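Residue numbers (the numbering used here): 8 to 221.
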């Protein structure tokens, strides 16, 4: 059965495969650098960070939930919306392309550092904690930011081509509308990721903390 939307999507991916591959490599590079930074930290630095992590665990179990699930959802959702909105502004600015690269890299860096630090300090328990507190929402967040970064780059490169290659026959409005539609869809999915973080990951993490401290 002919599916125009699917055909357009596949055509878009084929046309911009290089950009999507570049974004994925950039994200993975961030993960690697985050893990490397953990290994390069000395014992005192790791112990200081772990002290704050243990204190957070203690507060969660002794004082109840410091932040309600609703607050976690709202904060997470607003963070993602702000991050994606900033990417749109960078794409429109034309000079924001390198900053988009940095943003994608930093998302990978944070994931790599968080997982690497937990594993280095807690071993197998750290891997389990990462799986229940970081992995669920990131199964959605990682593809969202890879797509967002790639689409932003594609739009920004299109503006540069129009400016320097004199592609005056290319209209700006249709690509801009597509950009807004894609980001609106991505923001809807970030709401689902925020729900997973607030109600799934947070619940599993609290159960792990009770067992860890018990």
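Ideal Cβ placement from N, Cα and C applies to all residues, glycine included.
Predicted, not measured: the structure shown is a model, and the values here were computed from it.
Quiz item: Should the region 132 to 147 be regarded as contacting the region 189 to 203, the criterion being three or more beta carbon pairs within less than 8 Å?
Solution: yes
Quiz item: Considering residue 137, what are the terminal residues of the alpha helix (DSSP H) in which it resides?
Solution: 131 to 140
Practice problem: Report the rounded CA-to-CA distance for residue 179 versus residue 16, giving the unit in angstroms. | Solution: 20 Å
Self-check item: Delimiting residues of the alpha helix (DSSP H) encompassing residue 23
Solution: Careful: residue 23 lies outside any alpha helix (DSSP H) and carries neither H nor E.
Exercise. Report the three-state DSSP secondary structure of residue 109 (helix, strand or coil).
Key: helix
Exercise. Please go through the same chain and pick out, in chain order, the residues whose beta-carbon is closer than 7 Å to the beta-carbon of residue 39, but skip the five residues on each side of it.
Key: 119
Quiz prompt | Touching by the beta-carbon criterion (3+ pairs, under 8 Å), the region 16 to 27 and the region 89 to 102 | solution = no
Self-check item: Per-residue DSSP class, three states only, for residue 48
Solution: coil
Quiz prompt | Meets three-Cβ-pair contact criterion under 8 Å: the region 36 to 54 and the region 120 to 133 | solution = yes
Exercise. Pick helix, strand or coil for residue 214, following the three-state DSSP scheme.
Key: helix
Quiz prompt | residue 103 (DSSP reduced to helix, strand or coil) | solution = coil
Exercise. Measure how close the beta-carbons of residue 97 and residue 193 come, nearest whole angstrom, since I'm counting them as under 8 Å.
Key: With a Cβ gap of about 15 Å, residue 97 and residue 193 do not count as contacting.
Quiz prompt | C-beta atoms of residue 128 and residue 57 nearer than 8 Å | solution = yes
Practice problem: Give me the Cα-Cα distance between residue 37 and residue 134, rounded to the nearest whole angstrom. | Solution: 19 Å
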